[in-house]
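Shown next, in structure tokens, is the structure this report addresses.
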Amino acid sequence: MPLPNPVVVVPGITGNYLRDEYVLPPETLWSVLTKAYERSSLHPDNLRFEAIEPARVMPDQLVETAYRELIEELRHNLRDREDRPVPVYPFPYDWRQDMARTEVQLGDFIDEVIERTRLLRHYNDDGYANRAKVDLVGHSMGGLLIAGVLQRRGPAARIGKVATLATPFRGSFEAVIKVVTGTADLGTPAPSSREREAARATPALYQLFPSFPDGLQVPEGLEPSLFNPAVWQPSIVATIRDYILKYGLNPAAADAQAPQLLATLLQQAREHRSRLENLDLAQAGLTKADWLCIVGVNSETRVRMRITATGGVPAFVLTSSDRVNAWSRTNEAERTLTGDGTVPFDGARPGFLDLENLVCVAPEDFGYWEVGDRALAAVAGFHGIMPNMDLLHRLIVLHFTGRPISYDNVWGRRPPGVINWAPPIAGLPPR
């Protein structure tokens, strides 16, 4: 068999450190232990750059607790011999930015990985130059970036196979909670007013808003979409106004600039979601069998949200009753009211795959020996710790290589309501 394609691992939001290269030596602004909210907040007059200048904030290493084991396992298990290593590259990026910008950077990085792989003697001898492609693993928001690159570049993206883990293809309410309150099961939680302030000027968070049917309940006459500025409560615009007063170049224009900034961020997010909804795998040079889409289930997850209006003024209703886990129910339609703790099942369903193509996993799929992972899951949540699951490492290797192996330690779970299950790994046993 030919050598496997090189692999790029794309983390989720907050999945890699950020560092300021303006100072000498460079200083970490965002890590597991460091959260410099003010210095990592974006400027209201130009969301490409930081609110506090001079600065030059750049992506740094991936969060080790979330991704080190995944990368090391892929490097070890994709190779067939020790002297024939398969390159597995992490792709750190600025997860604050508009995903359209990051998609371009990921596309360029794919080109770089291909050129570097061509320089490996065993890949050159194997004829890699004649089939030069990469395989991609995306966790959470990383999967959206992969879909964006394919939609943007089509076959020119040179992507072979894809594995996505817990990706919010149709959004997560936790992104809304983060913008509204500063707290959410999204990334490492560190609730504070400073985090809320930074979140409201973070384009990528808006692009994670949910858009699946029946998830949002609004008063009659309003478009049931979080991308519609009319559904947003006035307090959000007020705090954006305060943010502009604090950092903007023209504080006197804050009253007019605040609603315009919110409208711009929401429109940008709407266009991004629409673009990914229109991804056609065939036009991008892939088939449904090339995409392993893993969805987390059997965790209490926010599956809906309600917006009320008093005197025409909208208000978000955030209640614990909207966090549901119906996975164990017998009614197949109700069983979709679940998720991975962050992304609801309906938010994880991509428009370019059929329901029967999905592979579900649950917290109990951690092996009994993965005690450390279970302890970490209590802190990071099932969504955050999913890349550490040994089962997923085996599934990804099997998907990328197609090697015939024993299925004794590999399985998946059928999505609710599916009888004729068609996962991309042929013969995958259900559990």
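Numbering (our numbering), first residue to last: 1 to 431.
Glycine is no exception: its CB is placed at the ideal position from the N, C-alpha and C atoms.
Would you mind listing the alpha helix (DSSP H) stretches within the stretch 341-405 that are 4+ residues and don't spill past its ends, in chain order? You should have 371-385 and 390-401.
Going straight from the alpha carbon of Gln-105 to that of Ile-240, what length do you get? In this structure, the CA atom of Gln-105 is about 29 Å from the CA atom of Ile-240.
Cβ shell of Pro-430 (< 8 Å), same chain only, five flanking positions each side left out: Once the five neighbours on either side are set aside, the close Cβ partners of Pro-430 are Trp-411, Gly-412, Arg-413, Arg-414 and Trp-421.
Excluding the five sequence neighbours on either side, which residues of its own chain have a C-beta within less than 8 Å of the C-beta of Gly-367, listed in chain order? Only Asp-390 and Leu-391 meet the Cβ criterion.
Ends of the beta strand (DSSP E) at Asn-46? 46-50 is the span of the beta strand (DSSP E), which, as asked, contains Asn-46.
heavy atom of the ligand FAD below 8 Å from Ala-230 C-beta: Among the components modelled here there is no ligand, and therefore nothing to report on the ligand FAD.
If you draw a straight line from the alpha carbon of Val-176 to that of Leu-292, how long is it in whole angstroms? Approximately 27 Å between the Cα atoms of the pair.
Taking just the CA atoms, how far does Phe-345 sit from Ser-211? Just so you know, the alpha carbons of Ser-211 and Phe-345 end up roughly 12 Å apart.
Taking Gly-311 as the reference, give the member of Pro-213, Pro-234 and Asp-83 with the closest Cα. Considering only alpha carbons, the answer is Pro-234.
Just how far apart, CA to CA, sit Pro-387 and Gly-248? In a straight line, the C-alpha of Pro-387 is about 39 Å away from that of Gly-248.
What residue does the alpha helix (DSSP H) around Tyr-67 start on, and which one ends it? Under the DSSP assignment, Tyr-67 falls in the alpha helix (DSSP H) whose first and last residues are 64-77.
Which runs of the alpha helix (DSSP H) at least 4 residues long sit entirely within the stretch 197-232? Give them in chain order. Correct list: 203-206.
How long is the line joining the alpha carbons of Ala-254 and Thr-342, rounded to whole angstroms? If you take the alpha carbons of Ala-254 and Thr-342, they lie about 34 Å apart.
Where Lys-133 falls: helix, strand or coil (DSSP): Taken through DSSP and simplified to helix, strand or coil, Lys-133 comes out as coil.
Could you have a look at Gln-151 and say whether DSSP puts it in helix, strand or coil? Residue state, collapsed to three classes: helix.
Where Pro-90 sits in the DSSP three-state scheme: Looking at Pro-90 - three-state DSSP - the assignment turns out to be strand.
Taking C-alpha atoms, which residue in Leu-62, Asp-111 and Ile-146 lies nearest to Ala-129? When each option's Cα is compared against that of Ala-129, the closest is Asp-111.
Inspect the CB distances between the stretch 259-267 and the stretch 218-235 and report whether three or more fall short of 8 Å. Yes: the two stretches touch, three or more of their Cβ pairs being nearer than 8 Å.
Tell me which residues share the same chain as Thr-308 and place their Cβ nearer than 8 Å to its Cβ, disregarding the 5 neighbours each side in the sequence. Excluding its 5 nearest sequence neighbours in each direction, Thr-308 has C-beta neighbours in its own chain below 8 Å: Pro-219, Pro-314, Ala-315 and Val-317, listed in chain order.
Does Leu-186 come out as helix, strand or coil in the three-state DSSP assignment? With a pLDDT of 41 at Leu-186, under the threshold of 50, the predicted position of this residue should be treated as unreliable, and no value is reported.
Beta-carbon contacts of Phe-209 that lie in its chain and below 7 Å, excluding the five residues immediately before and after: Around Phe-209, the same chain offers Gly-171, Ala-175, Val-176, Leu-226, Phe-227 and Ala-269 as residues with beta carbons nearer than 7 Å, after the five sequence neighbours per side are excluded.
Leu-428 burial status per 10 Å Cβ neighbour count (16 or more: buried): The residue in question, Leu-428, is buried, as its Cβ has 16 or more Cβ neighbours within 10 Å.
Run through the DSSP bridge pairs and tell me what Phe-316 is partnered with. Here Phe-316 is bridged, per DSSP, to Ile-307.
Going by DSSP in three states, Asp-108 sits in which element: helix, strand or coil? Shown here, Asp-108 sits in a helix according to DSSP, grouped into three states.
By Cβ distance below 6 Å, which residues in the same chain neighbour Ala-147 in space, the five residues on each side in sequence not counted? A distance below 6 Å between beta-carbons, with the five flanking residues on each side excluded, links Ala-147 to the following residues of its chain, in chain order: Leu-276 and Leu-279.
With DSSP run on the structure shown, which of helix, strand or coil describes Asn-5? In the structure shown, Asn-5 sits in coil (DSSP, three-state: anything other than H, G, I, E or B).
Give the range of the alpha helix (DSSP H) segment to which Val-237 is assigned. Val-237 -> alpha helix (DSSP H) spans 234-247.
Cutoff 8 Å; reference Phe-49; Cβ partners in own chain excluding five residues on either side: Sequence-distant partners of Phe-49 (beyond 5 residues in either direction) whose C-beta falls short of 8 Å from its own C-beta, in its chain, are Leu-42, His-43 and Ala-55.
Rounded to the nearest angstrom, what separates Ala-284 and Val-134 at their Cα positions? Cα to Cα, Ala-284 sits roughly 14 Å from Val-134.
Meets three-Cβ-pair contact criterion under 8 Å: the stretch 116-132 and the stretch 82-100: At 8 Å Cβ cutoff, the stretches touch.
Proximity to Ala-199 [Cα-Cα], best of Pro-423, Ala-51 and Ala-100: When only C-alpha atoms are compared, the closest one is Ala-51.
Which residues mark the beginning and the end of the beta strand (DSSP E) in which Asn-16 is found? For Asn-16, the uninterrupted beta strand (DSSP E) run begins and ends at 16-20, by DSSP.
Where His-393 and Glu-73 are concerned, what is the direct C-alpha to C-alpha distance, given to the nearest angstrom? Looking at the two C-alpha atoms, the distance is approximately 7 Å.
Tell me the residue span of the alpha helix (DSSP H) that contains Lys-178. First-last of the alpha helix (DSSP H) with Lys-178: 173-181.
Based on DSSP bridge pairs, tell me the residues matched to Val-295. In the DSSP output, where bridge partners are listed per residue, Val-295 has Cys-360.
Is Asp-60 helix, strand or coil by DSSP? Note: Asp-60 maps to strand in three-state DSSP.
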